[in-house]
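Read the structure below first, then the notes.
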Amino acid sequence: MHILGISTNHINMLNFISWNVDPEIFSIGPFSIRWYGLLFALGFIIGLQIISKIFKDEGKPKKDVDSVTIYMLLSTIIGARLGHCLFYEPSYYLQDPIKLLYIWEGGLASHGAAVGILIGLYLYSRKKPDQSYLWTFDRVVIVVALAGCLIRFGNLMNSEIVGIPTDLPWGFIFVRLGEDFARHPAQLYESISCLLLFFLLYYIYNKAKAKTPQGKIFGLFLIMIFGLRFFYEFLKENQVEFEEGMVLNMGQILSIPLVIIGVILLIRSYKNGK
């Protein structure tokens, strides 16, 4: 049975999922719409609605929603692109810097996006005396978790950032990579984790809203998103050649300081809350 390029096969007495989805939804001449781009945009569109509700409930003007959205959009794209180029392929991009702008060729890094957002929201909060750095982050990371869910699902639609081989029955055979063996659907693991994290953070926020201790939600986000990322990396293929032979890959190395920051923020919020 095939649905959107998905089929089930009986291989080595186990049922695997044959993944053969076309990354393009449709194309007209040189113009095409891809699942990844649609899901990326959808993350911001849905996130805008949630942030609008949060800001409205706390009496913030609508113009602040527009402003924080612009800061988020620019810092995410710029940070994710620079993060990929500098963390994973610095020699390639430094030799030909103009290719930093070739986003359509692929190459976005979540750790780079995290750094970009840290800087972008710092610049935003400096202009908003009533919205501190941590206050802003506590609300923004709720929708960032949801965006992460959609972006990782976009990676699955692209058959990229694949997991290591597995014989587990829910393994995916990535047909478009020319493979006939199953891998961990690492993209799906992360996508589901981000979705569950979104519901958890939104639930925690709704319990106290404006009375939520500053840094609590942000701290939980950092611990869970990058803590899980650290462990998921053991189930994923290395993205670049220089990671081969490393005890921890680049994704794990970059996750450690962010988890530590999350722990510090959570402890601080607990003490301030008491």
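The letter at position 224 of the sequence shown is residue 260 when you use my numbering, and the numbering goes up by one with no holes. By construction, the Cβ of each residue, glycine as well, lies at the ideal position given by its N, Cα and C atoms. Just so we're clear, the structure is a prediction, and the values are computed from it rather than from any experiment.
Anticipated Cβ contact below 8 Å, residue i with residue j, distance rounded
i      : j      : result
Thr112 : Leu84  : Rounded, the Cβ-Cβ distance is 13 Å, inconsistent with contact.
Ile178 : Ile86  : 7 Å
Gly156 : Leu110 : 7 Å
Met193 : Tyr268 : Going by Cβ atoms, the distance from Met193 to Tyr268 rounds to 18 Å, so no, they are not a contact pair.
Leu213 : Ser195 : 6 Å
Ile297 : Leu258 : 6 Å
Spatial distance of residue i from residue j (CA atoms)
i      : j      : result
Val299 : Leu256 : 8 Å
Asp166 : Pro97  : 11 Å
Glu60  : Arg70  : 4 Å
Met286 : Asn274 : 9 Å
Lys89  : Pro201 : 43 Å
Lys252 : Tyr306 : 7 Å
Phe67  : Val211 : 25 Å
Phe189 : Leu233 : 15 Å
Simplified DSSP assignment, three categories, for residue i
i      : result
Phe235 : helix
Lys115 : The amino acid at residue 115 is misidentified as Lys; the sequence shows Gly. Helix at Gly115.
Ile197 : coil
Asn51  : strand
Lys96  : coil
Phe208 : strand
Glu60  : strand
Phe67  : strand
CB contact flag (residue i, residue j, <8 Å)
i      : j      : result
Ala222 : Leu271 : yes
His147 : Leu264 : no
Ala150 : Leu301 : no
Lys245 : Asp58  : no
Ile82  : Leu182 : yes
Leu186 : Leu75  : yes
Can you list the alpha helix (DSSP H) stretches of 4 or more residues lying completely in the region 138 to 198, in chain order? 146 to 162, 169 to 193
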